[in-house]
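**Student:** Chains as they are written, first to last, in the working numbering: chain E, 213 to 376; chain G, -5 to 151. Each residue gets a CB set at the ideal place from its N, CA and C atoms; glycine is no exception. Attaching a single structure in structure tokens format; questions to follow.
Structure, rendered in structure tokens:
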């Protein structure tokens, strides 16, 4: 089965049809996707700003762990609605350069977070109260930059859909 | 000046021409609008979660609010700079759009509610989950949901 065939199958599933053809079927996932972005993006940005020292309190571990639930809820909403929106027009999305760039950026974001959590964050109790070390500030700056790029790529999807 | 001629003037203003100067301007302004919304609504929601007594309860409300306030302000400046630029590209369409009206109504209510209630509640006590704190956080979250729903709805319905 080729990628194209999988995409063709996805968009003809009941869920794919519902989102493509429904009035609310399309609007509700779109609105929820943006709300999820505000929740997830907002919590991540606050974490990043704390790493950069632009926010001073509470200490990073406390802030970050308190926001974990917010991030998970946002992430869940983004993933479910994102998959539904992809399914609705899969054959056009998978050839859309902006969409592919967005997915690539999301992978980079995950890698950046993983490097941070498995690296400099392990010593977080040593820099909790003072300024973050260079590695932590770098992780925060990279994350902020990538998120702005993700939003740019997301907005561009609608402008770069191939005609089918 | 009637509202029709005002809209007409906006549509032909230098600002509207600048927005049409390149195919890149509109998506770039839209992206900046979205980044500002995430910053504004995301940080405001975190303060609301604190008011509800759900998250970051180890920190006094006033302290958390003042830590996040500069970034909420950056978000506000961002949406106020980019929103009108998007509006002038097609004022007639926006004014007549139900979701645009919903968004603006909720935004206006958010501002009024914040000035009349939110500000005072945040500055007052530091105890988690006081009834008035929960009320202020809940109303604020509801209104932000209205702003987001309306905002996304403009281009869809």
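1. Determine, for residue 298 of chain E, whether the minimum Cβ-Cβ distance to residues of chain G falls below 7 angstroms.
2. What does residue 368 of chain E touch in chain G if you count any residue whose Cβ is under 9 angstroms from its own?
3. Does the beta-carbon distance from residue 231 of chain E to residue 296 of chain E come in below 7 angstroms?
4. Quick check: what's the CA-CA separation for residue 68 of chain G versus residue 253 of chain E?
5. Give the interface partners of residue 249 of chain E over in chain G, defined as CB-CB distance under 7 angstroms, in chain order.
6. I'd like the list of long-range same chain contacts for residue 101 of chain G, defined as Cβ closer than 7 angstroms, with 5 residues on each side in sequence excluded.
7. Can you list the residues of chain G that residue 274 of chain E reaches, using a CB-CB cut of under 9 angstroms?
8. If you pair each beta-carbon of the stretch 329 to 347 of chain E with each one of the stretch 252 to 269 of chain E, do three or more pairs fall below 8 angstroms?
9. Can you tell me the Cα-Cα spacing of residue 63 of chain G and residue 319 of chain E, whole angstroms?
10. Within the continuous alpha helix (DSSP H) that includes residue 83 of chain G, where are the two ends?
11. How is the alpha helix (DSSP H) around residue 235 of chain E delimited, first residue to last?
12. Out of G:41, G:115, G:85, G:20, point me to the one whose CA is closest to residue 6 of chain G's CA.
13. Which of the residues in the stretch 219 to 239 of chain E, read from start to end, lie with their CB under 7 angstroms from any CB of chain G?
14. How many Å lie between residue 146 of chain G and residue 274 of chain E at the Cα?
15. What is the rounded straight-line gap between the Cα of residue 105 of chain G and the Cα of residue 133 of chain G?
16. Roughly how many whole angstroms lie between the Cα atoms of residue 94 of chain G and residue 338 of chain E?
17. Helix, strand or coil for residue 134 of chain G per DSSP?
18. When the cut-off is 7 angstroms and only beta carbons count, does residue 150 of chain G lie next to chain E?
19. Give the DSSP-derived three-state secondary structure of residue 381 of chain E in the structure shown.
20. Name the chain E residues whose beta carbon is nearer than 7 angstroms to that of residue 146 of chain G?
21. Which runs of the alpha helix (DSSP H) at least 4 residues long sit entirely within the stretch 297 to 368 of chain E? Give them in chain order.
22. Between residue 195 of chain E and chain G, is there a C-beta pair that is closer than 7 angstroms?
23. Is residue 41 of chain G close to chain E? Criterion is C-beta to C-beta, closer than 7 angstroms.
24. Can you tell me whether residue 277 of chain E is helix, strand or coil according to DSSP?
25. Can you check which of these residues, E:368, E:372, E:360, is closest to residue 198 of chain G by C-alpha distance?
26. When the Cα of residue 72 of chain G is compared with those of G:35, G:11, G:14, G:42, which residue comes out closest?
27. Is residue 289 of chain E buried or exposed, if buried means 16 or more other CB atoms sit within 10 Å of its CB?
28. What number of angstroms, rounded off, separates the C-alpha of residue 328 of chain E from the C-alpha of residue 234 of chain E?
29. With a threshold of 8 angstroms, are at least 3 pairs of Cβ atoms found where one atom belongs to the stretch 3 to 19 of chain G and the other to the stretch 218 to 227 of chain E?
**Tutor:** In this structure, then:
1. no
2. 21, 25
3. yes
4. 15 angstroms
5. 32
6. 141
7. 50, 52, 53
8. yes
9. 31 angstroms
10. No alpha helix (DSSP H) holds residue 83 of chain G; DSSP gives it neither H nor E.
11. 235 to 263
12. G:85
13. 238, 239
14. 33 angstroms
15. 12 angstroms
16. 49 angstroms
17. helix
18. yes
19. The question about residue 381 of chain E has no answer here: the residues shown for chain E are numbered 213 through 376.
20. 242, 243, 246
21. 302 to 305, 309 to 330, 336 to 339
22. Chain E is shown from 213 up to 376; residue 195 of chain E falls before or after that span and cannot be answered.
23. no
24. helix
25. The shown model of chain G, from -5 to 151, leaves out residue 198 of chain G, and the question about it has no answer.
26. G:35
27. buried
28. 42 angstroms
29. no
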